[in-house]
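Residue numbers (my numbering): 3 to 326.
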């Protein structure tokens, strides 16, 4: 069974995150939101008619991870792929408005990954995705840029949304670990073997079920986690479990559990981005595991109380620590 996570996280620890350098590579995307009122059903089909009155755009995927690193006081360098299209231009513009050091490889032959959400009264009605896998030549350039950036980094995040940017993840992990860097991976899909050797994997409950199968008791979950830690030669496995909080499994050491912190869940979009950003900074700062998990849990609790992909700031976390 998991031990309780008796956190040693303090306000002083939040200050230790300032200026730490995190290299983020992965699937960057543009999150676009259309808002409007629904007053009638279409006469053409049994669907609501949304009278769009406003729109907004935010950084998504790996770009949102980098945005969260900056919000928590760190420095972020982003390596990602985008198309030479309107969505790619908007992604570049949004990045330019932040402190993120972004290197976007633009490919005219592919669309920028775009998630278009239509909402009414803060409720999502439909999401439309536009995406394509990057070309091999573009990925080769991205990998070269990654190797060149390793001397700058103090920690690395692989943000995998299954769009193809991290198809060669194992090589990237090996290069970073060879430099002595901690590597945090937000995984996706059925093949976790390409994350072999990472410092920390952060699947949510559904994602871990996809690779490990369902469990019906805490002991069974612990057994599955230990099995995958050994299979992948990974130091830590953090399973985020929604209302059940987070459980950190560690090779050869007791597991740690931190209960859920959110008082009201409004939107879970991007919460995983916040978790990996917080953990990467915590590892770079040398925080102990209980403090690192508590930091990630507090940050996730903040962002799920907001609409859409969002960030948690140092000031918000300091307030949460006071509430604790």
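All C-beta atoms in this analysis are idealised placements derived from N, C-alpha and C, irrespective of residue type, glycine included.
Whole-Å CB distance - residue i paired with residue j, under 8 Å assumed
i           : j           : result
residue 200 : residue 236 : 5 Å
residue 75  : residue 52  : Between residue 52 and residue 75 the Cβ distance is about 38 Å, and since that is not below 8 Å, they are no contact.
residue 188 : residue 252 : Between residue 252 and residue 188 the Cβ distance is about 18 Å, and since that is not below 8 Å, they are no contact.
residue 312 : residue 16  : In fact, because the Cβ distance is near 18 Å, the residues do not count as touching under 8 Å.
residue 24  : residue 286 : 7 Å
residue 241 : residue 273 : Contact doesn't hold; Cβ gap of about 14 Å is too wide.
residue 20  : residue 81  : Not confirmed; about 23 Å, so no contact.
residue 87  : residue 114 : 6 Å
residue 78  : residue 108 : About 20 Å; that fails the 8 Å criterion.
Cβ neighbour criterion (16 or more within 10 Å) applied to residue i
i           : result
residue 3   : Confidence at residue 3 is low in this model, with a pLDDT of 45, below 50, so the placement of that residue should be treated as unreliable; the coordinate-derived value is given next. Residue 3 comes out exposed.
residue 161 : buried
residue 329 : Look at the range of the chain in this structure, 3 to 326, and you will see that residue 329 is not part of it.
residue 218 : exposed
residue 232 : exposed
residue 128 : exposed
residue 43  : exposed
residue 2   : Because the chain here runs from 3 to 326, residue 2 falls outside it and cannot be looked at.
residue 171 : buried
residue 58  : exposed
Within 8 Å, strictly: CB atoms of residue i and residue j
i           : j           : result
residue 29  : residue 64  : yes
residue 148 : residue 27  : yes
residue 11  : residue 283 : no
residue 137 : residue 105 : no
residue 121 : residue 145 : no
residue 72  : residue 100 : yes
residue 194 : residue 223 : no
Residue i Cβ short of 7 Å to the ligand PLP heavy atom set
i          : result
residue 18 : The model on display carries no ligand, and the ligand PLP is accordingly not part of it.
Quick check for students: name the residue ranges of the beta strand (DSSP E) that lie wholly in the region 273-301, counting only runs of 3 or more. Listed in chain order, there is nothing to give.
Is the region 271-285 touching the region 201-213, taking contact as three or more C-beta pairs under 8 Å? Contact holds: three or more Cβ-Cβ distances are below 8 Å.
Which full runs of the beta strand (DSSP E) of 3+ residues lie inside the region 191-247, going along the chain? Entirely contained in the region 191-247, the beta strand (DSSP E) runs reaching 3 residues are, in chain order, 238-242.
Which runs of the beta strand (DSSP E) at least 3 residues long sit entirely within the region 98-184? Give them in chain order. Whole beta strand (DSSP E) segments, 3+ residues: 103-109, 116-122, 125-132, 157-161.
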